[in-house]
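Chains as they are written, first to last, in my numbering: chain A, 2 to 383; chain B, 2 to 383. A virtual CB, placed ideally from N, CA and C, is assigned to each residue, including glycine.
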């Protein structure tokens, strides 16, 4: 294993009805004034907001609210939240929703204690090592945001989809009640599965050194996703499958998979963020389109890893067969696997290549993400 | 998955020469005065103590020292440490050694800020939710103490081997440098493997509900232990195997295996603690003696789990074959599997049954740990 540091202080409260204790959890940290951040008005219609509000009130915690966070969350909403948190002197942010809501909340929490522009954290001009305390109640499993310090936000004008990461942006307590995640459509379930796969495979299929322990660990996550996704597509009310799916999502990006690996990259995430920023398609859909296409490009760099993937995950021989099996599995669960299926015009490829090449250059990653590499992946996705 | 809370704030610094940064790690928390706790004088002879002392001095951290912690660590040494920490106004405890040294250090750290008797934490009269900050440099992988808040100590007069657990007894930073663990004898490596197996199997073979994800997770730990132990017995200098062995040990008892399981028990640990307290044999040796014997008793309660264990771990069919395969593996690596091999007189069985029955009664666990159950296990261990 290569040298590493592991640190993850997030407390997880997992299980049925745990959201009803959110007031208790927040009060344990002596906090009194919360900004509740959420997406659509659905949580008001289904009673979740009311439950949360009651739990807070019961513990003498007051709150303000900010709704309207969208998928592929945008910077303007973060600015709105920062202003509101500052003006109401909130001492904590409570995200009620999925990854977009939580990512926005992390940015708001960091921005609320920062004098400068919150976008500084995304453009690497500052690191969010101070923030209001962050809490969340997850209504969708996919991003793993509930147990990491990452947040991805898009700046509308420039369509830059960037991320922040700092020591203060780990949630203090994350509530994962699988029952709250049961209303997701089959379509979004498939996108979520694709997102978890990408978190796992970006690492598993790029690390130039992958300890055997970590390989087995990641395969166990992936097998859990395959098994539970298939169960849930047949029966969305299966609690055990929903719970394991949620926990696998959390494990896939809580940094446990990083331990001791060398040179892991996040290629499909890098490529996809521009796709969802340009076309506002679901992140998981962009990933299922790009993953097999990227794998065809990557497979010659780590042939043995790809052969192992084929064998362990789909019980087939050869790197190409493994890629094909994954593509078929994506199709089976209803995730798109071509640009066409994602309604992305193939004639846009040159524009995408240009955008991504520029981005790669800005990040100093143009040695790896060459125009040729990017073009190859998009051509593979036709 | 059943409802659970997961929280583990320990920061891990894993890799080569990381102990040379210990002064840096401690200074990051603003601490100035450390009590170094260790076992034998070996760390003075091999230069480790000097390295640590230099790293502290370089950061302006002063230290006192307390050597002489023994395996199956004793309460009298903890008392000594508590007095020393109090009189020298230490603000942190730094364990340099294995699980016994770290467990003693946790007790010292808690006792140093407590007015009463530190044994109160072990006899459930108080909970260590305040303590000096705890750091460690692990020279032996086995107990998992580096990433949990447990500590096991024996009270000499009564031979009670009890444990404490509180929110303040997680190490703040644990240093795991696999190279420092390479000097362990093959004998102790086998005991360590047995200890990790027991942490895993006590859970895996008792939980009345074990999520499939967790089952696969635990099997991955066990397979790592089997593979790396065999490698290390042939080549004690194999760094990769040493590193994965160390990381597997940490994962086996950092509470990740507990997530979502129901009714897991620690039967062999309960039974073994009296054995090592009575005869002062290595904890891992006591466990390898008792594990197959206990499994024969337990197997009828969860037959399918035992069949799975046999299949997944040793590729054999049937609960009995799995137990036999494990016993043979213990013998192969040099861990004892009978009382005789552990130099424990068989004629002591009635005395052990009486002691353990009394202990079970005191803990209110005599419904489970009946005299009949305890006797059966020890008879199986003949």
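Selection from A/159, A/175, A/154 that minimises the alpha carbon distance to residue 166 of chain A
Closest by alpha carbon: A/154.
Exercise for the section: Would you give the residue range spanned by the alpha helix (DSSP H) that residue 205 of chain B belongs to? Expected result: First-last of the alpha helix (DSSP H) with residue 205 of chain B: 187 to 205.
_So, under 8 angstroms CB-CB, residue 99 of chain A and residue 62 of chain A are touching, yes? Tell me the CB distance rounded to an integer number of Å._
In fact, because the Cβ distance is near 23 angstroms, the residues do not count as touching under 8 angstroms.
Margin query: Check whether the region 289 to 304 of chain B and the region 372 to 383 of chain B are in contact - that is, three or more C-beta pairs closer than 8 angstroms.
Written below: With a cut-off of 8 angstroms, the region 372 to 383 of chain B and the region 289 to 304 of chain B count as touching, because enough Cβ pairs lie within range.
Quiz item: So residue 43 of chain A is in the alpha helix (DSSP H); what residue range does that whole segment cover?
Solution: Residue 43 of chain A -> alpha helix (DSSP H) spans 43 to 46.
>> Under 8 angstroms: do the region 71 to 91 of chain A and the region 5 to 19 of chain A share three or more Cβ pairs, one atom per stretch?
In response: Counting C-beta pairs closer than 8 angstroms gives fewer than three between the region 71 to 91 of chain A and the region 5 to 19 of chain A, which falls short of the contact rule.
Practice problem: Using a Cβ cut-off of 8 angstroms (strictly closer), state whether residue 314 of chain A contacts chain B. | Solution: Cβ-Cβ to chain B under 8 angstroms: no for residue 314 of chain A.
Subject >> Cβ contact (3+ pairs, closer than 8 angstroms) linking the region 263 to 271 of chain A and the region 198 to 213 of chain A >> reply: With the cut-off at 8 angstroms, the region 263 to 271 of chain A and the region 198 to 213 of chain A touch.
- prompt: Expressed to the nearest angstrom, what Euclidean distance is found between the alpha-carbon atoms of residue 157 of chain B and residue 224 of chain B?
  reply: Inter-residue distance for residue 157 of chain B and residue 224 of chain B is about 37 angstroms (C-alpha atoms, whole angstroms).
*Kindly indicate which three-state DSSP category residue 137 of chain B falls into: helix, strand or coil?*
Three-state result, residue 137 of chain B: strand.
Is residue 336 of chain A closer than 8 angstroms to residue 287 of chain A when the C-beta atoms are compared? Cβ atoms of residue 287 of chain A and residue 336 of chain A: not closer than 8 angstroms.
With distance defined between alpha-carbon atoms, name the residue in B/5, B/10, B/14 nearest to residue 1 of chain A. There is no way to answer for residue 1 of chain A, as the model of chain A reaches only from 2 to 383.
* To do: Give the range of the alpha helix (DSSP H) segment to which residue 160 of chain B is assigned.
  => Bounds of any alpha helix (DSSP H) do not take in residue 160 of chain B, whose DSSP letter is neither H nor E.
Candidates B/135, B/311, B/319, B/162: which alpha carbon is nearest residue 12 of chain B's?
Measuring from the Cα of residue 12 of chain B, the nearest candidate turns out to be B/135.
Chain A contacts made by the region 152 to 172 of chain B, where a contact means CB separation under 7 angstroms
Residues of the region 152 to 172 of chain B with a C-beta less than 7 angstroms from any C-beta of chain A: none at all.
Please classify residue 266 of chain B: does DSSP put it in a helix, a strand, or coil? Residue 266 of chain B sits in coil when the DSSP states are folded into three classes, being neither helix nor strand.
Exercise for review: Please list the partners that residue 379 of chain A has in chain B, where partner means a Cβ-to-Cβ separation under 8 angstroms.
Suggested key: Here the premise fails: no neighbours, minimum Cβ distance about 35 angstroms.
- Could one say the Cβ of residue 212 of chain B lies closer than 8 angstroms to chain A's Cβ atoms, at least one of them? Residue contact check for residue 212 of chain B against chain A: a CB pair falls below 8 angstroms.
Per-residue burial, residue 299 of chain A [other beta carbons within 10 Å of its own, 16 or more giving buried]:
Residue 299 of chain A sits buried, since 16 or more C-beta atoms from the chains shown fall within 10 Å of its C-beta.
Using a Cβ cut-off of 8 angstroms (strictly closer), state whether residue 2 of chain A contacts chain B. Residue 2 of chain A counts as touching chain B.
Handout entry: Unbroken stretches of the alpha helix (DSSP H), 4 residues or longer, contained in the region 244 to 299 of chain B
Key = Runs of the alpha helix (DSSP H) inside the region 244 to 299 of chain B: 268 to 280, 284 to 299.
Hey, is residue 244 of chain B's beta-carbon within less than 8 angstroms of any beta-carbon in chain E?
Structure shown: chain E not included; protein chains present are A and B.
Next item on the list: Report the three-state DSSP secondary structure of residue 303 of chain B (helix, strand or coil).
Entry: Annotated three-state conformation of residue 303 of chain B is coil, per DSSP.
Going by DSSP in three states, residue 175 of chain A sits in which element: helix, strand or coil? Of the three classes helix, strand and coil, the one that applies to residue 175 of chain A here is strand, per DSSP.
* Asked: Going by DSSP, which residues form a beta bridge with residue 66 of chain A?
  -> DSSP lists A/37 as partners of residue 66 of chain A.
From the DSSP output, read off the bridge partner residues of residue 324 of chain A.
Per DSSP, none; premise fails for residue 324 of chain A.
Exercise for review: Note down, in chain order, every chain B residue with its Cβ under 8 angstroms from the Cβ of residue 12 of chain A.
Suggested key: Here the neighbours are 6, 7, 8.
- Candidates B/60, B/220, B/71: closest to residue 200 of chain B by CA position: For residue 200 of chain B, the closest of B/60, B/220, B/71 by C-alpha to C-alpha distance is B/220.
| Three-state class that DSSP yields for residue 371 of chain B in the structure shown | In this structure, residue 371 of chain B counts as coil in the three-state DSSP scheme.
**Prompt:** Do you know how far the Cα of residue 332 of chain B is from the Cα of residue 3 of chain A?
**Reply:** Taking the Cα positions, residue 3 of chain A is about 32 angstroms away from residue 332 of chain B.
- Can you grab the Cα-Cα spacing for the pair residue 367 of chain A / residue 268 of chain A, in whole Å? Going from the Cα of residue 367 of chain A to the Cα of residue 268 of chain A covers about 12 angstroms.
Would you call the CB atoms of residue 94 of chain A and residue 141 of chain A closer than 8 angstroms? No, the pair does not count as a contact, with Cβ atoms beyond the cut-off.
TODO: Return no unless some Cβ of chain B is closer than 8 angstroms to the Cβ of residue 224 of chain A.
DONE: Yes, residue 224 of chain A lies at the interface with chain B (some Cβ there is under 8 angstroms from its Cβ).
Contact under 8 angstroms by Cβ, residue 10 of chain A with residue 10 of chain B = Yes, they are a contact pair.
Residue 28 of chain A to residue 47 of chain A span [Cα, whole Å] = Near 25 angstroms, if we compare the C-alpha coordinates of residue 47 of chain A and residue 28 of chain A.
### Query
Under the rule that 16 or more other beta-carbon atoms within 10 Å means buried, what is residue 125 of chain B, buried or exposed?
Exposed is the label assigned to residue 125 of chain B, since fewer than 16 other Cβ atoms lie within 10 Å of its Cβ.
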